[in-house]
Structures are given as C-alpha cells and as structure tokens.
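Engineer: Questions regarding the structure given below will be posed in turn.
There are 2 protein chains.
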Amino acid sequence: MAFHQAEHSLLVIPGPIEVSDDVLFANATPSQSHMSKSFTETFGQAIKMFRQVLVTERGQPFIVAGSGTLGWDMVASNLIESGDEALVLHSGYFGQSFADCLEAYGAKVTQLKAPVGQCPSREQIAEALTTTNYKLITVTHVDTSTGVLSNAQMVSEVVHQISPDTLVILDGVCSVGSEEIRMDEWSLDVVMCASQKGLGVPPGLSLVCASERAVHFVEARKTKINSYFASWLNWLPVMRGYEQGKPVYFATPPVQLICALHASLKEITSRPIAERWTKNKQASKDFKDFVTDELGLKQVPNDPAFAANGMTAIYFPEGISASDIVPRLLECGIVVAGGLHKEIKDKYFRIGHMGLTAIDTTTRRDLEKVKDALRHVFSAAGYVNKNISK
Amino acid sequence: MAFHQAEHSLLVIPGPIEVSDDVLFANATPSQSHMSKSFTETFGQAIKMFRQVLVTERGQPFIVAGSGTLGWDMVASNLIESGDEALVLHSGYFGQSFADCLEAYGAKVTQLKAPVGQCPSREQIAEALTTTNYKLITVTHVDTSTGVLSNAQMVSEVVHQISPDTLVILDGVCSVGSEEIRMDEWSLDVVMCASQKGLGVPPGLSLVCASERAVHFVEARKTKINSYFASWLNWLPVMRGYEQGKPVYFATPPVQLICALHASLKEITSRPIAERWTKNKQASKDFKDFVTDELGLKQVPNDPAFAANGMTAIYFPEGISASDIVPRLLECGIVVAGGLHKEIKDKYFRIGHMGLTAIDTTTRRDLEKVKDALRHVFSAAGYVNKNISK
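Note that the protein sequences, when read in sequence, are chains X and B.
Using numbering that gives the first Met the number 0, the first residue of the first sequence is number 0, and each one after it goes up by one.
Using numbering that gives the first Met the number 0, the first residue of the second sequence is number 0, and each one after it goes up by one.
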C-alpha cells in the first residue's frame with residue numbers, strides 16, 4: 000500500500016523543509032533492533048551515501064541523534080583545547096552562536112564580523128590569519144538568518160596559503176544538499192549539518208564529517224575531551240563498525256530517523272550531486288529574479304554573488320511589515336519565516352527553497368504556488384511595485 | 000484513513016520496544032514549522048504530560064534531540080564543577096558508563112560496585128555517604144545489562160538522612176514508564192530517560208526532568224558550564240517558552256519525534272500511572288514465573304526483590320548457548336537481546352517487556368508468543384527442564 004502524507008500547508012521556511020512520502024514513510028518504519036542485520040545495513044549505507052553528498056572519499060561521518068547545534072559541540076569539544084585561538088567568520092546570527100559554543104569549551108574566539116548582508120572578504124581573512132595562530136577557523140556556509148552564502152572554497156584556499164595548520168570548519172547546516180561543497184578538493188576539515196534542511200529528512204539528526212587530519216588530531220590529543228556524548232572517540236568505533244556491517248553500541252541510534260535519512264540519501268544520490276546544485280541554483284535564480292523584477296523588493300544579501308541558493312531573505316518595502324504579509328500567506332496555506340537577525344529582525348522575512356521544493360519541478364509546483372501567494376498578499380496589503388506600474 | 004504499520008518480527012529487547020500504530024503515524028506527521036502554533040501546543044502538552052508520568056508538579060522537563068546518553072552529559076555538565084565528588088551506585092554496565100561521563104566533566108567518581116545480579120545495600124550507601132561529601136549520587140534504576148532494579152526511594156531516603164545536600168540522580172532510561180517513580184515524593188533531583196523504552200516512542204529523544212533545587216543550583220553556579228548543547232541555561236527559556244505557548248529558538252526540535260512522544264504520552268496518561276506500574280508488575284511476574292517454573296531457568300538478579308518489571312535477564316542452562324537460542328527465536332519472528340555485562344556476556348540473554356508488550360493484553364498477545372517460542376526453541380535445542388520431567 001502506498002503511503003501518502005496528509006494534506007498540509009506548504010512549508011517554505013529555511014528548514015525544516017517539505018519531505019517526500021517515501022522519507023516520511025521510512026520515518027514510520029516499525030520497531031527494529033538497532034543491532035539487527037537489516038538496520039546495520041541501512042545505517043552503513045547511509046554513512047557511505049553521506050560521503051557522496053559531501054564529495055569526500057576520506058571523510059569520517061558521525062551521524063548522531065541531536066540537532067545541528069550538537070555539531071558545534073562536536074567541533075568544539077574534540078578540536079579545541081583550553082586556550083586555543085579560534086577565528087569565527089561572522090555573516091549573521093549563527094556566527095555568534097558558534098562563537099558562544101567554542102567559548103564554552105575554553106576557546107579564545109575572535110569574530111571577524113561583516114556588515115549585515117555581507118561576509119568577510121579575502122583580504123580581511125588573510126590579515127586576521129597573519130596576526131594570530133588560529134587552531135581553527137569557522138565558516139557559516141549559509142547563515143540562515145541572512146541568506147548570505149560564504150565562499151568556502153576561497154576561505155580554505157586563504158587558510159592553506161597563510162596558516163596551513165589551521166583547521167577549516169564548515170557549518171553547512173543550511174547548505175549541505177543545496178550548495179556546492181567539495182570536501183576533499185577544498186580541503187575542508189569538518190563539514191557539519193542537520194537532517195531537516197537540504198537533506199530533506201525530519202529534524203533530529205546531527206551529521207558531521209571530519210577529515211583524516213581532524214580525526215588524527217583527536218586520536219592523538221593528550222588533553223581530555225570535555226564531553227562524553229559529543230566525543231568522537233566514543234563514536235568512532237560505532238561509525239566504523241556500522242559501516243563494516245558490525246554494529247557497535249555506544250548509545251541507541253535513532254533507528255527511524257536513520258531509515259528516513261537512508262531513503263532521502265537514496266533519492267539524492269540517484270543522480271549526480273552536481274546536477275542537484277545546478278537545479279538549486281536555477282530555482283533560486285528564478286525565484287530571486289521574481290522578487291527583484293516583479294515584486295521590486297530588495298534582498299538581505301547585498302550582492303547576488305553571496306546570496307544562498309537554498310533560501311531567499313527579502314526586505315519588506317516601506318510601509319509594509321510582517322503582520323501584513325505572514326498571516327495572509329498562512330491563509331493561503333504557505334508557511335514562511337520571519338526575521339531572525341537582531342539588527343533587522345522586523346524588516347525582512349525568509350523563504351526556504353531546499354530539497355523537493357527546488358528539485359521536484361515535475362510533480363510539484365511549490366515555488367509557483369509561493370509566487371502566486373506573494374503576488375496576492377502584497378497586493379492585498381496595498382503594495383504596488385512602482386517599477387512595474389511606471 | 001487508518002495507518003497500520005507493516006508486519007514485522009516482534010521486538011522484545013530491552014529497548015527500542017514495539018510502538019503503537021498511532022505513535023508511528025505521528026512520527027510520519029507532515030513537515031511543520033517548529034515555531035508554528037500547532038507544534039507549540041503539541042510540545043507544550045508533551046512537556047506537561049511527561050511531568051505526570053514522573054508524578055512531579057515542580058520538576059522542569061528538558062526534552063531534546065539525542066540519545067539517553069545525552070542525559071548523563073546534561074547531569075554532568077550542569078551539576079558537576081571540576082573536582083566535585085560523585086558517588087555512582089553500580090549495578091551493571093551502565094554504572095561504569097555514567098562514571099566515565101561524569102569524569103569527562105571533571106568529577107572525582109567513587110563507584111560502589113555490587114556483585115553481578117545485585118545492587119549496593121542501604122548499609123554500604125550509608126557508609127559511603129558518611130566518609131565523603133558528595134555533590135551528587137547516581138542510581139541506575141534498572142540496569143539494562145543485568146535487569147537489576149535498584150530501590151530509588153530507599154537510596155533517596157538514606158541520602159536525605161545522612162547527606163541532605165547531595166543531589167539524587169535517577170538514571171531511569173530503562174524504568175520510566177514501566178517502574179514506579181514518584182519524583183517529588185521521593186525527593187529526586189534529576190530523573191533522566193530516553194524515548195525508546197517504557198515511553199513507547201522511537202529512539203531519538205533524551206528526556207530529563209530536574210528538581211527546583213537542581214535548576215536553582217545551575218542558575219546560581221559561578222563556574223562556567225562546560226557544554227553548549229547540554230547546558231540547561233540554553234534550554235530553560237525554550238522549555239518554559241513552549242510550555243507557555245510561546246516558542247523560543249535554541250536548536251530546531253525534532254518535530255516528528257515530539258509528535259510521536261505526544262501521541263504516546265496521551266495514551267499513557269489516559270489512565271492513572273499507578274495502574275500502568277501494576278500492569279507491568281503483573282506481566283513481569285507472570286513471565287518470570289514461567290521462566291523459573293516452566294523453563295527452570297535462573298535469572299541474573301539474585302533476588303526477585305530487585306528484579307526489573309520491564310525486562311527479564313535469563314541465564315542459559317548448562318550446555319546451551321546464545322547460538323542455540325537467539326537465531327532460532329529469530330526464525331520464529333521474535334527478536335531478543337544477547338548479553339551485555341562483560342563478566343557474564345555469553346552466559347545469558349535478555350527479554351524486554353515494556354510498553355505495549357506488557358500493557359496491551361487485549362489486542363496483542365506478545366508475551367504469550369514469546370513463551371510459545373521459548374518453549375519451542377529450548378526444546379529444539381535439546382534442553383529438558385529436569386524439575387518438570389521428574
């Protein structure tokens with residue numbers, strides 16, 4: 000019997016996102032032992048497919064029950080030793096949070112802050128790397144609060160030129176599965192994300208991938224890891240075991256969510272990953288053109304070159320506020336997100352277009368529905384795009 | 000349309016356990032915003048119902064994406080300051096793990112170890128509390144590796160007599176929802192568990208409840224909490240917010256798992272919780288009598304007074320080993336667990352009877368099926384109960 004999810008409002012916030020019937024049905028897999036042959040196979044395959052999504056052959060995945068936030072704790076507890084310097088590239092709300100997390104584990108954090116809508120430049124990063132010896136540098140690939148896309152490849156290049164011992168950490172919570180990431184080619188040391196965004200799975204999984212260099216560091220470090228649940232030393236035998244078909248126990252894995260992840264990764268890896276990035280770019284460009292040309296609205300990222308392809312952050316026009324738009328969209332069955340970045344919180348709103356919403360343009364027409372609804376609600380709110388009416 | 004889960008082998012390990020169609024269907028709830036009115040209501044109600052299960056009015060729940068193990072990190076990171084003394088009552092595998100976790104956060108841990116099949120006595124606990132000033136004491140309510148049930152009420156009484164400032168921590172991973180727990184009446188400071196055992200939900204949630212005293216300590220402590228994801232200071236506004244109908248963001252909650260928890264807690268709290276404990280006791284007694292009388296097998300707990308009501312740990316008879324029994328049970332569609340405690344690992348196996356398997360005796364006959372299968376496989380393995388054949 001085919002499973003069809005219940006009718007519901009279209010969820011186009013920047014995560015959680017819409018998930019397919021297959022994925023949701025996998026999340027309703029009947030109970031099975033976490034040590035069973037069948038689940039071991041599922042988990043092992045999911046680990047391998049996650050590597051494919053990140054275009055890495057040598058990375059070590061850690062797939063653990065948790066939120067994306069837990070990935071920061073994994074980075075901080077495993078890679079930071081008390082007093083280590085860390086450089087956080089700040090392109091919105093989540094840079095500050097990552098910095099707070101690193102500090103909880105004893106890091107001395109320097110934040111390189113860009114104005115709202117931008118990310119730190121190559122020159123600023125190069126200068127910062129020259130003055131201090133950083134243990135690690137963090138990049139928020141897409142800051143969900145602003146929709147700013149950082150150039151992860153460029154950052155890694157600069158780091159490897161100027162400070163090659165510095166570990167490069169990519170917070171890919173709002174980018175993995177939607178934005179181009181080549182973990183090995185770009186020499187990234189950690190890529191971390193969560194299940195509920197570009198990977199198209201319900202929330203509840205923290206997914207992290209560590210380079211050989213990062214794993215070697217952890218295995219060789221002399222100081223104690225200040226965590227138990229986040230310690231890679233506890234998870235390494237588990238991840239290696241499941242991948243080799245031999246289940247190892249540390250904590251009970253979230254069986255159904257791993258089944259859902261498996262189902263989604265199967266869909267994702269059934270086509271070349273670069274094709275997915277291209278589709279996301281096309282969908283994003285089309286939607287952003289609509290926002291600019293037809294609605295005549297400004298976006299939070301100052302320059303299309305650093306606007307995310309999985310979401311769009313849009314300023315309200317003069318005289319229009321969230322209360323004019325968001326509830327009206329809800330009435331049309333469209334769920335968007337309000338502002339999050341505290342400097343501009345009430346001035347903008349956010350629309351997510353990751354996963355199915357961007358990729359499945361044959362059986363779904365999510366973004367067409369969103370456009371229709373936006374046309375309707377802005378007009379109902381009395382807004383006129385003067386560029387068009389001229 | 001009614002949802003019915005697929006046919007599958009009967010899972011009677013000590014967690015994950017069988018879950019109801021309603022719970023599984025709730026785990027396949029379509030995507031919704033974690034900030035939506037509807038999800039906020041669901042989460043708020045789940046928090047309140049979790050309190051009912053623990054019979055507490057004043058406890059502060061923390062319901063977070065994670066495994067049960069994360070609850071140890073919550074206890075250790077929030078309540079331990081470096082150098083604090085901790086007393087771990089050891090009744091199996093999980094005492095050692097809790098001790099390891101506490102040490103990761105700087106605790107000086109003393110383990111009071113009981114022989115396999117027993118738990119530390121009142122006298123031993125009293126003596127330990129007299130010699131050292133412990134910040135906290137931990138009790139593994141049911142050690143899943145041995146099926147030993149500790150007397151949590153007794154432990155708390157002794158602590159409050161001899162060392163009233165010591166915080167009493169109950170690891171209820173394998174007991175909440177199956178064993179009697181009265182958090183307020185017994186003056187417990189923390190009760191922690193996971194979703195996939197007595198609560199009858201798929202794995203992926205760490206559920207912790209802290210007393211007012213424990214929360215006050217954390218809010219007033221001067222030293223930094225050595226965690227970010229496990230820090231109650233980050234979660235307190237979230238839990239209080241959702242309970243009051245005002246969603247607060249720290250990390251994206253595992254929406255579908257919270258819906259599943261809500262569905263299960265609704266079933267559980269639809270009847271008085273004491274009735275559930277009684278049903279678990281009856282099912283357990285009936286099954287244990289069968290093991291002793293009909294199969295003539297010995298259990299790991301040395302005394303019925305400290306045998307868990309949610310699981311049974313059974314020694315193989317002379318000449319019979321796991322490979323004679325477990326694969327044959329699998330062929331009968333029954334999934335049990337092997338040994339876990341390293342001192343006796345190959346000498347015993349474990350059967351879980353929590354949740355539906357113990358409670359729903361009208362529409363299901365799980366334990367009857369298990370008994371039939373055990374009769375069959377022991378006989379097929381050439382085992383004869385000499386007590387009966389005499």
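Glycine residues also receive a C-beta, built at the ideal position from the N, C-alpha and C atoms.
Note that the structure is a prediction, hence the values are computed from the model and not measured.
According to the neighbour-count rule (16 or more other Cβ atoms, all chains shown, within 10 Å of its Cβ), is D288 (chain B) buried or exposed?
Structural biologist: Within the second sequence, numbered from 1, the residue matching residue 288 (chain B) stands at position 289. Counting Cβ neighbours within 10 Å, D288 (chain B) comes out exposed, since fewer than 16 surround it.
Engineer: Measuring CA to CA, which of X:I343, X:G171, X:K107, X:Q117 is closest to G70 (chain X)?
Structural biologist: By 1-based counting over the first sequence, the position of residue 70 (chain X) is 71. When each option's Cα is compared against that of G70 (chain X), the closest is X:G171.
Engineer: Mapping the DSSP letters down to three states, classify S96 (chain X) as helix, strand or coil.
Structural biologist: Position 97 of the first sequence, counting from 1, holds the residue named residue 96 (chain X). Helix.
Engineer: Does S263 (chain X) come out as helix, strand or coil in the three-state DSSP assignment?
Structural biologist: Mapped onto the first sequence, residue 263 (chain X) falls at position 264. Correct three-state label for S263 (chain X): helix.
Engineer: What first and last residue would you give for the alpha helix (DSSP H) that runs through A372 (chain B)?
Structural biologist: As a first step, residue 372 (chain B) is located in the second sequence; it is residue number 373 there, counting from the start. Per DSSP, A372 (chain B) belongs to the alpha helix (DSSP H) from 365-379.
Engineer: Is there at least one Cβ from chain B nearer than 8 Å to T251 (chain X)'s Cβ?
Structural biologist: Here residue 251 (chain X) refers to the residue found at position 252 when the first sequence is read from its first residue. So yes, T251 (chain X) belongs to the interface.
Engineer: Assuming M238 (chain X) is part of the beta strand (DSSP E), what are its boundary residues?
Structural biologist: What you label residue 238 (chain X) is simply residue 239 of the first sequence in a count that begins at 1. Premise fails: M238 (chain X) lies in the alpha helix (DSSP H), 231-242, not in any beta strand (DSSP E).
Engineer: Go ahead and pull the three-state DSSP assignment for A270 (chain B).
Structural biologist: To locate residue 270 (chain B), count along the second sequence from 1; it is residue 271. In the sequence as displayed, the identity of residue 270 (chain B) is Arg instead of Ala. Note: R270 (chain B) maps to coil in three-state DSSP.
Engineer: If the cut-off is 9 Å on Cβ atoms, which residues from the segment 101-125 of chain X count as contacting chain B, listed in chain order?
Structural biologist: Residues passing the 9 Å Cβ filter: L101, E102, A103, Y104, G105.
Engineer: Who are the neighbours of I16 (chain X) on chain B, taking C-beta pairs under 8 Å?
Structural biologist: Residue numbering aside, residue 16 (chain X) sits at position 17 when the first sequence is read from its first letter. Residues of chain B passing the Cβ test: S30.
Engineer: For P60 (chain X), which residues does DSSP report across the bridge?
Structural biologist: Working through the first sequence from its first residue, we reach residue 60 (chain X) at position 61. For P60 (chain X), which the question treats as bridged, DSSP gives the partners X:C208.
Engineer: Report the option in B:R50, B:E122, B:K36, B:T165 whose CA atom is closest to the CA atom of A85 (chain B).
Structural biologist: Within the second sequence, the letter at position 86 stands for residue 85 (chain B). When only C-alpha atoms are compared, the closest one is B:T165.
Engineer: Is there at least one Cβ from chain X nearer than 8 Å to D21 (chain B)'s Cβ?
Structural biologist: Sequence index remark: in the second sequence, residue 21 (chain B) carries index 22 (1-based). No, because no Cβ of chain X sits closer than 8 Å to the Cβ of D21 (chain B).
Engineer: Tell me, please, whether the CB atom of N225 (chain B) is closer than 8 Å to any CB atom in chain X?
Structural biologist: Position 226 of the second sequence, counted from the first residue, corresponds to residue 225 (chain B). N225 (chain B) counts as touching chain X.
Engineer: How about L53 (chain B) and V190 (chain B): do their beta carbons lie closer than 8 Å?
Structural biologist: Within the second sequence, residue 53 (chain B) is the residue found at index 54, counting from 1. Within the second sequence, residue 190 (chain B) is the residue found at index 191, counting from 1. For L53 (chain B) and V190 (chain B), yes; Cβs fall inside 8 Å.
Engineer: Got a sec, what are the start and stop residues for the beta strand (DSSP E) I168 (chain B) sits in?
Structural biologist: The residue you call residue 168 (chain B) lines up with position 169 of the second sequence. Segment 166-170, the beta strand (DSSP E) holding I168 (chain B).
Engineer: Would you decide whether D391 (chain X) is buried or exposed? Buried here means 16 or more other CB atoms lie within 10 Å of its CB.
Structural biologist: Here chain X has residues from 0 to 389 only, and residue 391 (chain X) is not among them.
Engineer: Let me check understanding here. Comparing Cα to Cα, which of X:M153, X:G381, X:W276 lies closest to L294 (chain X)?
Structural biologist: Sequence index remark: in the first sequence, residue 294 (chain X) carries index 295 (1-based). When only C-alpha atoms are compared, the closest one is X:G381.
Engineer: Residues of chain X with CB closer than 9 Å to the CB of Q44 (chain B), please, in chain order.
Structural biologist: Position 45 of the second sequence, counted from the first residue, corresponds to residue 44 (chain B). Those do not exist, as Q44 (chain B) stays about 19 Å from chain X at its closest Cβ, beyond 9 Å.
Engineer: In this structure, what does DSSP give as the bridge partners for Q110 (chain B)?
Structural biologist: Indexing the second sequence from 1 puts residue 110 (chain B) at position 111. DSSP output for Q110 (chain B) lists B:V87 as bridge partner(s).
Engineer: So with Cβ pairs under 8 Å, would you call P202 (chain X) a contact of chain B?
Structural biologist: Against the first sequence, residue 202 (chain X) aligns to sequence position 203. Closer than 8 Å: yes.
Engineer: How would you write the range of the beta strand (DSSP E) that T361 (chain X) sits in, first residue to last?
Structural biologist: Position 362 of the first sequence holds residue 361 (chain X). Looking at the DSSP string, T361 (chain X) is not in any beta strand (DSSP E), and its letter there is neither H nor E.
Engineer: Distance check for S76 (chain X) and G105 (chain X), CA to CA, integer angstroms please.
Structural biologist: Counting from 1 along the first sequence, the entry for residue 105 (chain X) is found at position 106. Counting from 1 along the first sequence, the entry for residue 76 (chain X) is found at position 77. One C-alpha to the other measures close to 9 Å.
Engineer: With DSSP as the reference, label D20 (chain X) as helix, strand or coil.
Structural biologist: Within the first sequence, numbered from 1, the residue matching residue 20 (chain X) stands at position 21. In this structure, D20 (chain X) counts as helix in the three-state DSSP scheme.
Engineer: Here's the rule I'm using: 16 or more other beta-carbon atoms within 10 Å means buried, otherwise exposed. How should H261 (chain B) be labelled?
Structural biologist: Walking along the second sequence from the start, residue 261 (chain B) turns up at place 262. Result: buried.
Engineer: Note down, in chain order, every chain X residue with its Cβ under 7 Å from the Cβ of W231 (chain B).
Structural biologist: Locating residue 231 (chain B) in the second sequence gives position 232, counting from the first residue. Chain X residues near W231 (chain B): none, gap ~13 Å exceeds 7 Å.
Engineer: Could you check whether the Cβ of E56 (chain B) sits closer than 7 Å to any heavy atom belonging to the ligand FMN?
Structural biologist: As far as ligands go, the structure on display features none, and thus does not contain the ligand FMN.
Engineer: What is the DSSP secondary structure of D142 (chain X), reduced to helix, strand or coil?
Structural biologist: As a position in the first sequence, residue 142 (chain X) is number 143, starting the count at 1. D142 (chain X) falls in the strand class under three-state DSSP.
Engineer: Any beta-carbon of chain X closer than 8 Å to the one on H33 (chain B)?
Structural biologist: Taking the first residue of the second sequence as 1, we reach residue 33 (chain B) at position 34. Output row for H33 (chain B): interface = yes.
Engineer: Using a 10 Å radius around the Cβ and a threshold of 16 neighbouring Cβ atoms, would you call Q160 (chain X) buried or exposed?
Structural biologist: For this step, residue 160 (chain X) is matched to residue 161 along the first sequence. So Q160 (chain X) ends up on the exposed side.
Engineer: Quick one: Cα of A357 (chain X) to Cα of Q59 (chain B), how far?
Structural biologist: Here residue 357 (chain X) refers to the residue found at position 358 when the first sequence is read from its first residue. Here residue 59 (chain B) refers to the residue found at position 60 when the second sequence is read from its first residue. Between A357 (chain X) and Q59 (chain B), the C-alpha separation is close to 41 Å.
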